[in-house]
Structure formats: structure tokens, C-alpha cells
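In the working numbering, the protein residues as written are 5 to 242.
Following: one structure in C-alpha cells, then a few remarks.
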Amino acid sequence: MDRVPTGIKGLDEILDGGFMRNSSILLCGAPGSGKTNLGLNFLYKGAAEYGEKGLYLTLELPIEEIVKNAVIVYPKWDWDSTLNKDIFIKKVSREDIGTLPTVIRDSVHDLGVKRIVIDSITMLSLFTKDEADFRDSLFKLLDFIRSLECTALIAAEKPYSDRDRVEFSIEEFVCDGVIILYSIPKGELRYKAMEVLKMRSINHQTKLCPFEIGPDGITVYPVESLFWLDSERKKKSK
Numbered sequence: 005m006d007r008v009p010t011g012i013k014g015l016d017e018i019l020d021g022g023f024m025r026n027s028s029i030l031l032c033g034a035p036g037s038g039k040t041n042l043g044l045n046f047l048y049k050g051a052a053e054y055g056e057k058g059l060y061l062t063l064e065l066p067i068e069e070i071v072k073n074a075v076i077v078y079p080k081w082d083w084d085s086t087l088n089k090d091i092f093i094k095k096v097s098r099e100d101i102g103t104l105p106t107v108i109r110d111s112v113h114d115l116g117v118k119r120i121v122i123d124s125i126t127m128l129s130l131f132t133k134d135e136a137d138f139r140d141s142l143f144k145l146l147d148f149i150r151s152l153e154c155t156a157l158i159a160a161e162k163p164y165s166d167r168d169r170v171e172f173s174i175e176e177f178v179c180d181g182v183i184i185l186y187s188i189p190k191g192e193l194r195y196k197a198m199e200v201l202k203m204r205s206i207n208h209q210t211k212l213c214p215f216e217i218g219p220d221g222i223t224v225y226p227v228e229s230l231f232w233l234d235s236e237r238k239k240k241s242k
């Protein structure tokens with residue numbers, strides 16, 4: 005089966021080679037958990053290592069803030085030769101949320117985009133009448149992206165802080181895959197970890213894996229574990 009390697013150190017190992025091509029992956033997490041950074045990694049590595057152009061659609065933050073974050077967090081990346089050539093960042097305002105499919109279609113046809121990040125789909129839910137309307141709108145959007153033969157990361161604001169208290173909503177069922185990002189407090193520090201909750205047609209790892217954000221990108225550690233968290237969970241179960 006055709007795969008799309010993320011290019012993110014350790015993540016492709018967890019995914020047994022990468023995402024399924026033309027799939028839509030939900031990226032869940034609370035603010036500060038790393039959703040924007042993982043999306044940027046997916047696009048930059050796709051362009052730099054696999055020759056696939058990418059589109060970052062921001063529904064909330066200004067374009068300038070996304071670019072500033074990218075340049076500061078990843079100083080080793082060659083943004084000058086990448087932005088507006090291989091990676092395109094576009095803002096869709098609340099008033100223009102209905103133009104989202106048109107922006108995506110034009111970017112694919114005119115720019116040759118193959119990878120898409122939408123940040124965040126939570127904004128779309130605010131402009132639908134009810135849960136059924138949101139489910140229908142999301143399903144149509146993902147089906148449209150699939151028809152354009154693109155692979156998408158869909159960010160969603162989910163206040164996950166405890167792995168044992170994950171609650172499912174419409175997005176998790178509609179998307180082909182679900183990755184949850186955690187920012188776990190321990191003393192005065194917070195540790196970042198990720199979990200692949202679901203990935204259709206892929207034999208993926210299911211353990212909670214620590215990850216770091218460094219100047220050259222995200223590194224996931226598939227073999228390591230948050231030993232203190234495992235110990236605390238065992239105590240709770242007794």
C-alpha cells in the first residue's frame with residue numbers, strides 16, 4: 005500500500021512507514037501540546053525530503069505568527085527557499101470559512117500541493133448548526149480532500165491531559181487516523197508525549213511515546229517510555 009512518510013524522526017517507525025496516502029489524520033491536543041509544530045514538521049519534511057509541496061491553512065492565528073513561530077523554533081530549516089515556493093501558508097477568516105474547499109482546490113491545482121494541514125477544525129464546528137451538521141460538513145470536507153489525492157493533518161483543540169480520560173467525539177470517528185498529543189505535568193516541568201490512537205490499514209504502535217521539539221525538528225522516541233507515569237498508573241490500578 006502507498007505510504008506518505010512524515011519525515012519526523014521516530015514517528016514513521018511508530019506508523020510502520022508513514023500515513024496511508026490520501027488519508028486524513030486528526031491531530032488532537034490541548035493548547036501548547038505541539039499541534040502546530042507537528043503540522044509544520046509534516047509539511048517541511050515533505051517538501052525538503054520527499055519533494056511534496058504543502059499547504060498550511062490557519063483558521064485562527066495570523067500568517068505572520070505561524071511564520072514567526074516556524075523561524076524561531078526551527079532555525080536550522082531553510083525557510084527562505086521554502087516558504088511561498090514549496091510550503092504555502094494561507095489564512096481563512098471566520099467570515100470566509102465557506103471558501104475553505106475553494107482555497108484547498110485552487111492550491112492543489114495551481115500550486116501542486118500534496119500535503120495539507122488545517123489548524124484547526126475546531127473553528128469549523130462553531131459555524132455549523134448542530135452536531136449532525138458538523139459531522140456532515142467534516143465528512144464532505146475530508147472526502148473532498150481525498151478526491152484531490154492529498155494527505156491531510158487536521159488539528160483539533162482537545163483538552164487531553166490524562167490518557168485514562170480520553171473522550172471521543174465526531175472528529176475521531178470521521179478521520180482515517182487519530183494522533184493525540186499530551187503535555188503532562190511532573191513537578192515544575194511538563195513532558196510532551198504522543199499516542200497513535202487509530203490508523204486505518206496500518207499496524208501501528210499503541211504505546212505512549214515521549215517526543216521533543218528541537219531546532220532541527222521533532223524527534224519521537226518509540227522505544228522509550230515515561231517510566232514515572234507508568235508507575236503512577238500501576239499504583240492507581242491497585
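C-beta: ideal position from N, C-alpha, C; glycine also.
Closest Cα partner of residue i within the set the options
{"i": "VAL112", "options": "ALA160, GLY58, GLU99, TRP81", "result": "GLY58"}
{"i": "ALA160", "options": "THR10, GLY14, LEU42, LYS13", "result": "LEU42"}
{"i": "TYR186", "options": "GLY50, MET198, GLU99", "result": "MET198"}
{"i": "GLN209", "options": "VAL200, LEU47, GLU216", "result": "VAL200"}
{"i": "GLU228", "options": "ARG7, GLY14, SER124", "result": "GLY14"}
{"i": "LEU212", "options": "ILE222, ILE183, ILE206", "result": "ILE183"}
{"i": "THR106", "options": "SER173, CYS32, LEU145", "result": "LEU145"}
{"i": "PRO79", "options": "ARG109, GLU56, ASP100, ASN45", "result": "ASN45"}
{"i": "LEU115", "options": "THR103, TYR60, ASP6", "result": "TYR60"}
{"i": "SER124", "options": "ARG109, GLY50, ILE70, THR86", "result": "ILE70"}
{"i": "THR10", "options": "VAL77, LEU65, ILE120", "result": "ILE120"}
Opposing strand residues paired with residue i [DSSP bridges]
{"i": "PRO214", "result": "ALA197"}
{"i": "CYS32", "result": "ALA160, ILE184"}
{"i": "TYR60", "result": "ILE93, VAL121"}
{"i": "ARG7", "result": "MET24"}
{"i": "PRO189", "result": "ARG194"}
{"i": "LEU87", "result": "ILE91"}
{"i": "MET127", "result": "Note: MET127 sits in no beta bridge, so no partner."}
Neighbourhood of residue i by C-beta distance below 6 angstroms, restricted to the same chain and skipping five residues each side
{"i": "LYS95", "result": "THR62, ILE67"}
{"i": "TRP83", "result": "VAL75"}
{"i": "ASN73", "result": "none"}
{"i": "ASP90", "result": "ALA51, LYS57"}
Neighbourhood of residue i by C-beta distance below 7 angstroms, restricted to the same chain and skipping five residues each side
{"i": "ASP168", "result": "Reliability of the predicted coordinates at ASP168 is poor, the pLDDT of 48 falling under 50, and the value obtained from them is presented with this limitation in mind. Cβ within range, chain order: n/a, list empty."}
{"i": "SER141", "result": "LEU128, THR132"}
{"i": "VAL8", "result": "GLY22, PHE23, ARG25, THR155"}
{"i": "ARG109", "result": "LEU152"}
Boundaries of the beta strand (DSSP E) in which residue i is found, first to last residue
{"i": "THR132", "result": "From DSSP, THR132 is part of no beta strand (DSSP E); its letter is neither H nor E."}
{"i": "VAL77", "result": "That residue, VAL77, is in no beta strand (DSSP E); its alpha helix (DSSP H) goes 67-77."}
{"i": "GLY221", "result": "221-224"}
8 angstroms Cβ shell around residue i - same chain, five flanking residues per side excluded
{"i": "ARG150", "result": "ASN26, SER27, SER28"}
{"i": "PHE138", "result": "LEU128, SER129, THR132, ILE174"}
Where the alpha helix (DSSP H) containing residue i begins and where it ends
{"i": "ASP16", "result": "15-18"}
{"i": "LYS39", "result": "39-54"}
{"i": "ASP114", "result": "104-115"}
{"i": "GLU175", "result": "174-178"}
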